[in-house]
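What follows is a short report on a single structure.
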Amino acid sequence: MLVKDRYSFCLNFFDFKYPNPKTELNYKSNYQLLIAVILSAQCTDKRVNLVTPILFDKYKDFNSLSKAGIEDVFDIIKSISYPRNKAKYLLGCANIVSVKHNNNVPDSFDDLINLPGVGRKTANVILSILFNKPNMPVDTHVFRVSKRIGLVPNNSSLLKVENHLVNNIPVDKINKAHHWLIIHGRYVCTALKPKCNSCGIQKVCKYYHCS
Numbered sequence: 018m019l020v021k022d023r024y025s026f027c028l029n030f031f032d033f034k035y036p037n038p039k040t041e042l043n044y045k046s047n048y049q050l051l052i053a054v055i056l057s058a059q060c061t062d063k064r065v066n067l068v069t070p071i072l073f074d075k076y077k078d079f080n081s082l083s084k085a086g087i088e089d090v091f092d093i094i095k096s097i098s099y100p101r102n103k104a105k106y107l108l109g110c111a112n113i114v115s116v117k118h119n120n121n122v123p124d125s126f127d128d129l130i131n132l133p134g135v136g137r138k139t140a141n142v143i144l145s146i147l148f149n150k151p152n153m154p155v156d157t158h159v160f161r162v163s164k165r166i167g168l169v170p171n172n173s174s175l176l177k178v179e180n181h182l183v184n185n186i187p188v189d190k191i192n193k194a195h196h197w198l199i200i201h202g203r204y205v206c207t208a209l210k211p212k213c214n215s216c217g218i219q220k221v222c223k224y225y226h227c228s
């Protein structure tokens, strides 16, 4: 099977099954999404969603968060992975955004990547969701699933996975495809016990036919 045919099959299936995919992080503003995505690194969205309502109720924007005490923030987010480091990231990020960007989430990759706690994946998430740019964030689900299906070479690095996906997915579907691969990885193509027998793309999946 040609790679382009595998992409076509998967994209058509996902488009039918998940016509309006979205992030499972709860947020009501650009500020809230950026903070939630920083907190979600190596942590589940479900856990982040339990913590952020308390954080956002106390600190309603970057300006107020930048003035918070690190111990106060740590105490709120301590059930999240790496809370000490993330508390520092949140305060540093809030300070830069409130001072340098007038309390607004920047819409350029370079500005985002220079914020504490923001790596390539987080920057791409923000650009994709908030600014509707055709960026492909590669998290653990996207990394695993794209390789298993055969959308990207199995020895691809994170950056190569991102580039392969961006180069093979139509521009108008990249934003959705990011969510599709996450949803599929979270609920079907799980890390330890993928549910291959109930998977709708087994016809084109390399993993299914080789396992």
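With the working numbering, letter number 4 in the sequence shown gets 21, and the count goes up by one each step, no holes.
Note that beta-carbon positions come from the ideal geometry of N, C-alpha and C, so glycine has one too.
Residues near residue i in its chain [Cβ-Cβ closer than 6 angstroms; skip 5 each side]
i, result
"Lys-164", "Asn-171"
"Cys-216", "Val-205"
"Tyr-44", "Leu-50 and Ala-53"
"Val-114", "Phe-79"
"Lys-223", "Gly-167"
"Ser-98", "Gln-59 and Cys-60"
Which listed residue (the options) has its alpha carbon closest to that of residue i
i, options, result
"Met-153", "Gln-49, Thr-139 and Arg-101", "Thr-139"
"Asn-102", "Gly-134, Ala-111 and Lys-77", "Gly-134"
"Thr-157", "Gly-109, Glu-41, Thr-207 and Leu-168", "Thr-207"
"Cys-110", "Lys-95, Asp-128 and Ser-96", "Asp-128"
"Ile-94", "Cys-227, Ile-113, Phe-73 and Val-155", "Phe-73"
"Cys-60", "Asn-29, Ser-96 and Lys-77", "Ser-96"
"Leu-230", "Phe-160, Pro-187 and Leu-28", "For residue 230 there is no data in the structure shown, the boundaries of the chain being 18 and 228."
"Ser-57", "Pro-100, Lys-193 and His-118", "Pro-100"
Length of the line joining the Cα atoms of residue i and residue j
i, j, result
"Asn-180", "Tyr-24", "14 angstroms"
"Ser-173", "Tyr-35", "27 angstroms"
"Val-54", "Tyr-106", "12 angstroms"
"Val-116", "Leu-132", "12 angstroms"
"Leu-209", "Arg-203", "11 angstroms"
"Lys-150", "Asn-214", "35 angstroms"
"Leu-82", "Val-155", "28 angstroms"
"Lys-75", "Val-65", "16 angstroms"
"Lys-190", "Val-183", "10 angstroms"
"Val-188", "Ile-218", "22 angstroms"
"Ala-194", "Asn-29", "11 angstroms"
"Lys-177", "Asn-192", "18 angstroms"
"Tyr-225", "Leu-67", "36 angstroms"
"Ile-186", "Asn-119", "35 angstroms"
"Pro-70", "Cys-227", "44 angstroms"
"Asp-124", "Cys-27", "30 angstroms"
9 angstroms Cβ cutoff met for residue i and residue j
i, j, result
"Asp-62", "Glu-88", "no"
"Val-221", "Asp-32", "no"
"Val-231", "Leu-168", "Since the first and last residues shown for the chain are 18 and 228, residue 231 lies out of range."
"His-2", "Lys-39", "The question about residue 2 has no answer here: the residues shown for the chain are numbered 18 through 228."
"Val-162", "Leu-198", "yes"
8 angstroms CB neighbourhood of residue i in its chain, flanking five on each side removed
i, result
"Ile-130", "Gly-136, Arg-137 and Ala-140"
Contact set for residue i: own chain, Cβ-Cβ below 7 angstroms, skip 5 residues either direction
i, result
"Lys-147", "Note on residue identity: the sequence assigns Leu, not Lys, to residue 147. Once the five neighbours on either side are set aside, the close Cβ partners of Leu-147 are Asn-47, Leu-50 and Val-122."
"Ala-4", "Not covered by the structure: residue 4. The range shown for the chain is 18 to 228."
"Phe-126", "Ala-140 and Leu-144"
Residue ranges of each alpha helix (DSSP H) within the stretch 119–178, 4 or longer: 126–130, 137–148 and 157–166
Beta strand (DSSP E) runs contained entirely in the stretch 66–94, provided each spans 3 or more residues: none
Complete runs of the alpha helix (DSSP H) confined to the stretch 28–70 [at least 4 residues]: 47–56
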